[in-house]
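J.: Provided herewith is a single structure, encoded as structure tokens, for subsequent inquiry.
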Amino acid sequence: MVEKINLTFLGTGSSIPTARRNHPAVLLKYKGENILVDCGEGTQRQFRKAKLNPCKISKILISHWHGDHVLGLPGLLMTMMMNGYNKSLEIYGPRGTKEWVRKYFDLIGQKGQSLDVVVKEVSSGVVFDDGDFCIEAVEVEHDCPAVAYSFVVKEKVRLDREKLVKLKIPNSPLVGELAKGKVVEIDGKRVDGKKLVYREKGRKVSFVMDTRYSDSIVKFVKGADLLVSEATYSAEESELADERGHLTSVDAAKIAKKGKVGGLVLMHLSQRYEAVPKVILEEAKGVFENVRVVEDLDEVEL
Ligand SMILES: [Zn+2]
Ligand SMILES: [Zn+2]
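In terms of our numbering, the sequence shown is residues 37 to 338.
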């Protein structure tokens, strides 16, 4: 069975929260991993509303250290600590992240030190790889060090168990050799492993938060099954978007189209679209059909 990747959009707003949209945060669940992408103020209450447990977080990926993406961290870390978080928490972020994490722990006070935290400053490239999945980062253009991330489940070669049963191949270490696609001799018969395996397609989810448009992002998200992107402004505000280092709805849709992604999810909408998120959606649709604007607590599974 293919393991699902589940996303919960905990906050879908931008710098100023609204009644409808909290500051940005997304939780990605895959097997035992709970990966939090950004942690705007109030994220821990969003966890409660979504009936999720912050103590299950395994990794936190910070896109950049603007307040709207990180001011929920001190509170979240404190809650994890008080609830007896007993794993090693990995925090990834752009240049400067080590210093920021230290400052945030100062805010919480000495007790914060009881959390086992490993901080990794990242730029462009693979930042984590356990053989099953990896996390990639790329530096993006904002007015402070900022990165985008991709979560990539690798393509796997699997043994077709039904074929094994049909051929009456008994369980033995030789089955492991077949799984590698090798030819082995079983009960005097040559069995070709290549005929007993199949490929399980890899999957990729990319997260592009605050950034100015650039072709390097297109390259980074190439072929993703899902692109989660900021779309702070409508295309009418493209000058403002460029000045402030943000994407418009159309910029995000262009990245999706050029990058040939499967689907596009838009978030990080400016408060000015509170009553009219449709503006953002319709504009993006004009460029890339398979797009949706998510609301707080929406879920997507793939
Ligand atoms: Zn932002
Ligand atoms: Zn920002």
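Just so it is clear, CB atoms sit at the ideal spot from N, CA and C, and this is done for glycine as well.
(1) Considering only C-alpha positions, which residue in the set L151, A182, E177, R138 is nearest to V158?
(2) Exposed or buried, M303, counting other C-beta atoms within 10 Å across all chains shown (16 or more means buried)?
(3) Please confirm whether any heavy atom of ligand 2 lies closer than 7 Å to the CB of D278.
(4) Within 10 angstroms of the Cβ of S265, are there 16 or more other Cβ atoms? Answer buried if so, exposed if not.
(5) Please look up how many angstroms separate the CB atoms of T54 and E310, rounded, as I've assumed it's under 8 Å.
(6) Which residue or residues does DSSP assign as beta-bridge partners of K258?
(7) Taking 8 Å as the cut-off, decide whether the C-beta atoms of E191 and R235 are in contact.
(8) Which of helix, strand or coil does DSSP assign to T79?
(9) With a cut-off of 6 Å, give the chain-ordered residues whose Cβ is closer than this to any heavy atom of ligand 2.
(10) Less than 7 Å separating the Cβ of D261 from some heavy atom of ligand 1?
(11) Does the pairing of the region 43-51 with the region 78-85 give three or more beta-carbon distances under 8 Å?
(12) Just the C-alpha distance for L151 and V137, rounded to the nearest angstrom, thanks.
(13) Just curious, the alpha helix (DSSP H) that F169 is in, first and last residue?
(14) When the distance is taken between beta carbons, is N119 closer than 8 Å to C91?
(15) If you draw a straight line from the alpha carbon of A61 to that of K67, how long is it in whole angstroms?
(16) Taking 8 Å as the cut-off, decide whether the C-beta atoms of G217 and K225 are in contact.
(17) Out of R57, V153, A271, point me to the one whose CA is closest to M117's CA.
(18) Taking 7 Å as the limit between beta carbons, can you name the residues of its chain near L210, skipping five residues before and five after?
(19) Kindly indicate which three-state DSSP category A182 falls into: helix, strand or coil?
(20) Measuring only the C-alpha atoms, how far is G103 from K294?
(21) Could you give the residue range of the beta strand (DSSP E) that holds A311?
(22) Locate the beta strand (DSSP E) running through K225, then write down its first and last residues.
(23) Could you have a look at V297 and say whether DSSP puts it in helix, strand or coil?
(24) Taking 8 Å as the CB-CB limit, is V193 close to chain C?
(25) Any idea what DSSP makes of R84, helix, strand or coil?
(26) Here's a check: name, in chain order, each residue in its chain whose Cβ is nearer than 7 Å to the Cβ of V188, leaving out the five neighbours to either side.
(27) Any idea if V38 is buried or exposed, counting beta-carbon neighbours within 10 angstroms, 16 or more meaning buried?
(28) Taking the alpha-carbon of G322 as reference, which of S285, D332, G298, V336 has the nearest alpha-carbon?
(29) Note down, in chain order, each residue of its chain lying with its Cβ closer than 6 Å to the Cβ of S51, except the 5 sequence neighbours on either side.
T.: Result, derived from the coordinates:
(1) A182
(2) buried
(3) no
(4) buried
(5) 5 Å
(6) Per DSSP, none; premise fails for K258.
(7) yes
(8) helix
(9) H100, H102, H178, D246
(10) no
(11) yes
(12) 12 Å
(13) Unbroken run through F169 is the beta strand (DSSP E), 169-176; no alpha helix (DSSP H).
(14) yes
(15) 20 Å
(16) no
(17) V153
(18) V220, I222
(19) strand
(20) 31 Å
(21) Where A311 is concerned, there is no enclosing beta strand (DSSP E), given that its DSSP letter is neither H nor E.
(22) 225-228
(23) coil
(24) Of the protein chains in this structure there is only one, and it is not chain C.
(25) helix
(26) F169, C170, E172, G238, K240
(27) exposed
(28) S285
(29) D104
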